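Single-structure report; data block below.
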Amino acid sequence: MEALETLGRHYNYVVTIFLMVAGLYIVVARGNMVKKLVGLSIFQTSVYLLYIAPGKIVGGTAPILDPAYKIYSNPLPHVLILTAIVVGVATLALGLALVVRINESYGTIEEDEIFAKDDEQ
Amino acid sequence: MSLDLILRIGTKLILPFILMFALYVQFHGDYGPGGGFQAGVIAAGMVILIAITFGMSAAKRVAPQAVVERMVPLGVLVFAGTGVVGLLLGKNFLDYSVLGHDPVHAREWGILLVELGVLITVSGTMTALFYAFVERGR
Amino acid sequence: MALLTLLAVATIAIVRQRSLFGVVILAGIYSFLMASLLIALDAVDVAMTEASVGAGISTVLLLATLHLVKATEMRPIHANWVPLLVALVVGGILVWGTISLPPFGVADTAVHQHVAPYYLSRSIPETGVPNVVTSVLADYRGYDTLGETTVIFTAGIGVMLLLRGMRRRDDNDRGDAA
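Protein chains in written order, with the working numbering: chain A, 1 to 121; chain B, 1 to 138; chain C, 1 to 178.
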């Protein structure tokens, strides 16, 4: 069946989109700040998949030049995603530092309780 | 015999190999997978392992707080300095081909210097992040 | 591939999990699965970085935060339908957008045509470095790497400013003034 064949060839895109949507759902729908940050990092890793999967050539090898191989996977997405991974961990570290300070100020890390405390003042 | 004796002896055995692996990944980044970022994180992982197994004072003997804090901007300085050297010698910013006797070797030297800068900043930052999070709780 | 399905299962587990410690451990498992998947996709530098950074530093920082924040469990999850609907609509639009993308693993798509053969053919004659990712990262696109190093530097300075402020009880003359 053609739909299943297309699904099989595009399976990596389907899983990428599922991870992206799941990360987005965690960020929007859950109130706990640490879980929101974990959801954000899931969203970022799905973008890495989105960039690297089209660069792979079946029958090729890693982009390290060697006389024994002729076909190499595309090195350009690897460079961009290397930068993106490190920027992601930098963002996570700053976010977690902010969560620690918020907890010291408000006593909680749940979003609803923080809004309630802000409304009281 | 306490239960963490195995952990302490095992960690003591494996720590020099972690540091050696980090330096291997750094310097063989030209010929295999690797480079500055991976090496920096592995080196910071060694300090974190010392802190987890033996306590913060042992970790601060290996990597003192002041040294780690100075390492964070030093790597960026090394990187930008390599670029400015290219500027001062008459070519563009971050042009490595003027650093040596012929362009191919000069670019290899430039890549090594730049990866060294990245190693210093990344390992310093990851260790400083860990120290900052742990010190907050005391 | 099976790894992709395992990733999806791990993500569903993270969405439903209520204990924060379980969420951190599942995030570490997710990072390792992602690193294995990246090896299967021939991205060896990226896999090493993702394994060390995602499963190493991220897990350590999350555990340190959980220790400082002293929260162990989320509040009971009340089902909200609006975010789920928005998520499904966004997912549907994205699936519709990626249907006409090239299939997996083919060698003559537009991605492989212009810039990649340029770098692959010129890396050894011009720089003498066989690892094309390192030569592109440090030489051909060195300016981006300078920006990235500055981002790491900024994150380190930012966290030190946030978390090493007035709570220090020992001598204040060590280190730069925050």
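Ideal Cβ positions, reconstructed from N, Cα and C, are used throughout, including at glycine.
Just so it is clear, the structure is predicted and the values come from calculations on it, not from any experiment.
Work out the CA separation of residue j and residue i for me, nearest whole Å.
i, j, result
"C/Thr154", "A/Leu4", "47 angstroms"
"B/Ile99", "A/Tyr72", "The question names Ile, but residue 99 of chain B in the sequence shown is Leu. Those two C-alpha atoms are separated by around 31 angstroms."
"B/Ala106", "B/His28", "17 angstroms"
"C/Leu163", "C/Leu66", "15 angstroms"
"C/Ile39", "B/Pro33", "11 angstroms"
"A/Tyr11", "C/Ile29", "21 angstroms"
"B/Gly35", "B/Leu74", "18 angstroms"
"C/Gly92", "A/Leu50", "16 angstroms"
"B/Ile14", "A/Ile114", "45 angstroms"
"C/Leu68", "C/Ile99", "45 angstroms"
"B/Arg136", "B/Ser57", "15 angstroms"
"B/Asn92", "A/Gly60", "36 angstroms"
"C/Ala71", "A/Pro54", "41 angstroms"
"C/Val129", "B/Met20", "22 angstroms"
"C/Pro125", "C/Gly22", "50 angstroms"
"C/Tyr45", "A/Leu80", "Note that residue 45 of chain C is Asp in the sequence shown here, rather than Tyr. Answer to the nearest angstrom: the Cα atoms are 11 angstroms apart."
"C/Val136", "B/Leu49", "33 angstroms"
"B/Gly90", "C/Arg122", "24 angstroms"
"B/Leu129", "A/Gly95", "12 angstroms"
"B/Gly117", "B/Phe37", "10 angstroms"
"A/Ile109", "A/Leu98", "11 angstroms"
"C/Thr145", "C/Asn80", "42 angstroms"
Looking only at its chain, what residues have a beta carbon closer than 7 angstroms to the beta carbon of residue i, apart from the 5 residues adjacent to it on each side?
i, result
"A/Ala22", "Ile42"
"A/Lys117", "Tyr106"
"B/Tyr131", "Gln65 and Val68"
"A/Gly134", "Coverage of chain A is limited to positions 1 through 121, which leaves residue 134 of chain A absent and any answer about it impossible."
"B/Val25", "Gly34, Gln38, Ala39 and Ile42"
Report the CB separation of residue i from residue j in whole angstroms; it is logged as a contact under 8 angstroms.
i, j, result
"B/Gly124", "B/Met46", "No, B/Gly124 and B/Met46 are not in contact; Cβ-Cβ is about 13 angstroms, not under 8 angstroms."
"C/Asp139", "A/Ala62", "Not confirmed; about 19 angstroms, so no contact."
"C/Val115", "A/Leu76", "6 angstroms"
"B/Val122", "B/Val41", "6 angstroms"
"A/Tyr25", "C/Leu85", "About 10 angstroms separates the two Cβ atoms, so there is no contact after all."
"A/Ser46", "A/Thr16", "5 angstroms"
"C/Thr134", "B/Ile6", "At roughly 38 angstroms, the Cβ-Cβ gap does not stay under 8 angstroms, so C/Thr134 and B/Ile6 are not in contact."
"B/Val134", "C/Ala64", "6 angstroms"
"C/Thr49", "A/Ile85", "5 angstroms"
Near residue i, which residues of its chain fall below 6 angstroms by C-beta distance, leaving aside the five closest residues on each side in sequence?
i, result
"A/Phe18", "none"
"A/Glu111", "Gly31"
"C/Asn172", "Bear in mind that a pLDDT of 45 at C/Asn172, under 50, signals an unreliable position, so the model cannot answer this."
"A/Val100", "none"
"C/Leu37", "Leu3"
"B/Ala59", "Val47, Ile50 and Ala51"
"B/Asp95", "Gly86"
Residue i touches chain E at which residues, Cβ-Cβ below 9 angstroms?
i, result
"B/Phe27", "As a matter of chain content, chain E is missing from the structure shown, whose protein chains are A, B and C."
If you reduce the DSSP assignment to three classes, tell me which class residue i lands in.
i, result
"B/Thr121", "helix"
"C/Thr127", "helix"
"A/Ser41", "helix"
"A/Ile57", "coil"
"A/Ile64", "strand"
"A/Asn32", "strand"
"B/Ser57", "helix"
"A/Tyr72", "strand"
"C/Ser31", "helix"
From which residue to which residue does the alpha helix (DSSP H) around residue i run?
i, result
"B/Ala39", "Gly36 to Phe54"
"A/Lys117", "Glu111 to Glu120"
"C/Tyr143", "Gly142 to Leu163"
"C/Ser19", "Per DSSP, C/Ser19 belongs to no alpha helix (DSSP H) and is neither H nor E."
"B/Ser97", "Looking at the DSSP string, B/Ser97 is not in any alpha helix (DSSP H), and its letter there is neither H nor E."
"C/Asp45", "Val44 to Ser52"
"B/Gly10", "Leu5 to Phe27"
"C/His67", "Ser58 to Val69"
"B/Asp79", "This sequence places Phe at residue 79 of chain B; Asp is not what is there. Note, B/Phe79: alpha helix (DSSP H), Gln65 to Leu88."
"A/Arg9", "Glu2 to Arg9"
"C/Ala110", "Note, C/Ala110: premise wrong, no alpha helix (DSSP H); not H, not E."
"C/Val136", "Premise fails: C/Val136 is in no alpha helix (DSSP H) and is neither H nor E."
"C/Ala87", "Trp81 to Thr98"
Any heavy atom of the ligand ADP closer than 7 angstroms to the Cβ of residue i?
i, result
"A/Asn74", "With respect to small molecules bound, the structure shown includes none, and the ligand ADP cannot be examined in it."
Under 8 angstroms Cβ to Cβ from residue i, same chain only, skipping five residues before and after it: list those, please.
i, result
"C/Leu62", "Val24 and Ala27"
"C/Ala205", "In this structure chain C extends from 1 to 178, so residue 205 of chain C is not present and cannot be described."
"B/Arg8", "Thr53 and Phe54"
"C/Leu6", "Leu33"
"A/Ile52", "Pro77, His78 and Ile81"
"A/Val27", "Lys36, Gly39, Leu40 and Phe43"
"C/Thr109", "Pro102"
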